[in-house]
Amino acid sequence: MTPTREISAEQTAREQELVERVQRSFDDCADPRLKEVMQAAVKHLHAFVREVRLTEDEWNKGIDFLTAVGHITDDKRQEFILLSDTLGVSMQTIAINNEAYGNATEATVFGPFFVEGSPEIELGGDMSGGAAGEPCWVEGTVADAEGKPIPGAKIEVWEADEDGFYDVQYDDDRVAARAHLFTDSEGRYRFWGITPTPYPIPHDGPVGKMLEATGRSPMRASHLHFMVEAPGCRTLVTHIFVRGDELLDSDTVFGVKESLVKDFDRQPVGTPTPDGRVVDGTWSKVRFDVVLAPAQT
Ligand code: BEZ
Ligand code: FE
């Protein structure tokens, strides 16, 4: 660490005067919210630069880093969101915007691998679409915060295969390990998926370099993504995690919440399945009961 050196009162006053002058430049902004956001951004950015006594060389490196983040970003890859995710900013924004409501299920990070227009499956159908992995029976209910079951709730599910890749990461046009289904008249759902396994976030770009340079792992704890929508309810974007996964405490995007860690019970070879399907090897089963908060909270 660089030794801290005394900063004279004159220097401090000069730095502070600049902060205030830049903040005042937004005084006439017609949009009060934009003004608030810009003035706070200036306040905190300057505080950061002053706290670490940023050198010009470091400032240049930071600009180069952000330029690289921009260059690798296109309609398929969003490196800025990945940066926000790995700095915990995505989870902080989710925390602010999805305040706890009664026993409503907690939200977590969306991630870059959701695709609009997933295939619809029947209740009890298979969302794996041939993706490699151990079969996993997933079942549960969707209810409102008063405990009333919600029929017809739309459930989107997506996950990586056992090699740690989402379908969209392959060069072909496969659609696999993603689907949507609707709850039945009693708010119940069930489907076959695959037992989640850990995988790294895309780390062949500047965010990966940042993780490597700082000694951080790119790995995400094993998870299965859900997005649950129903009229009058707050849309829930979340995942469930696998109890016992050793990455639960070091998920690189800080997405794990204790309430979302579930028992994926592994069933020995030959165990009869809930729907009579014949499975060659082991399979797992998990229960996930979803509670949706009302829309206006
Ligand atoms: C994911 O879970 O799919 C994910 C989330 C954040 C960053 C990268 C991947
Ligand atoms: Fe994921």
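Following this note's numbering, the numbering of the sequence shown begins with 974 at its first residue and continues without gaps. The beta carbon of each residue, even a glycine, is placed where N, CA and C say it ideally should be. This structure is a prediction, so every number in the text was calculated from the model and none was measured.
One or two residues paired with residue 1212 in a DSSP bridge: 1198
Environment of residue 1266 [buried if 16+ CB atoms lie within 10 Å]: buried
Residue 1174 CB to nearest heavy atom of the ligand BEZ below 7 Å: yes
Residue 1227 CB to nearest heavy atom of the ligand BEZ below 7 Å: no
Helix, strand or coil at residue 991 [DSSP, three-state]: helix
Beta-carbon contacts of residue 1080 that lie in its chain and below 7 Å, excluding the five residues immediately before and after: 1067, 1071, 1209, 1210, 1211
Residue 1137: CB within 7 Å of a non-hydrogen atom of the ligand FE: no
Top-ranked residue by Cα proximity to residue 1243, from 1253, 1234, 1236, 1235: 1253
Cβ-based burial, residue 1228 [other Cβ within 10 Å; buried from 16]: buried
Start and end residues, alpha helix (DSSP H) containing residue 1257: First-last for residue 1257: 1256-1260, but that is the beta strand (DSSP E), not the alpha helix (DSSP H).
Residue environment, residue 1154, which counts as buried when at least 16 other CB atoms sit within 10 Å: buried
Inter-residue Cα distance where the pair is residue 1248 and residue 1110: 9 Å
C-beta atoms of residue 1187 and residue 1135 nearer than 8 Å: no
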